[in-house]
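The next block holds one structure in the form of structure tokens; read it before the comments.
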Amino acid sequence: MASFDGSVEAEYTWPALTTVEQPVWEMAEAAVSALVGENRNEPPQHRVFPTQLRIRQSCGCP
Numbered sequence: 098m099a100s101f102d103g104s105v106e107a108e109y110t111w112p113a114l115t116t117v118e119q120p121v122w123e124m125a126e127a128a129v130s131a132l133v134g135e136n137r138n139e140p141p142q143h144r145v146f147p148t149q150l151r152i153r154q155s156c157g158c159p
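Okay, so the sequence shown: first residue is 98 according to the working numbering, each after it adds one.
Here it is in structure tokens:
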């Protein structure tokens, strides 16, 4: 079992959930900048943000 978004709660469940963490702050800044920032008049861009897999007890890994 795994979760997405890297919530802090996933670490404190039993078993601790494996989770995929996203750079939420960076994603939010990019979204706001695209809507109301200096680059709001540019054509839409496809952005890829890095994620990180946090393996915990729920994946059955040793």
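Don't be surprised by glycine CBs; every beta carbon is placed ideally from N, CA and C.
Chain-order list of residues whose beta-carbon lies under 6 Å from that of residue i (same chain, five-residue window excluded)
{"i": "P112", "result": "Q154 and S155"}
Residues that DSSP places opposite residue i in a beta bridge
{"i": "S100", "result": "T116"}
{"i": "Q149", "result": "E118"}
Whole-Å CB distance - residue i paired with residue j, under 8 Å assumed
{"i": "T116", "j": "R151", "result": "5 Å"}
{"i": "N136", "j": "S130", "result": "6 Å"}
Same chain, Cβ closer than 8 Å to residue i, neighbours up to 5 away in sequence not counted
{"i": "D102", "result": "T116, V117, E118, Q119 and V121"}
Beta-carbon proximity list for residue i, same chain, < 7 Å, skipping 5 on both sides
{"i": "A127", "result": "R144"}
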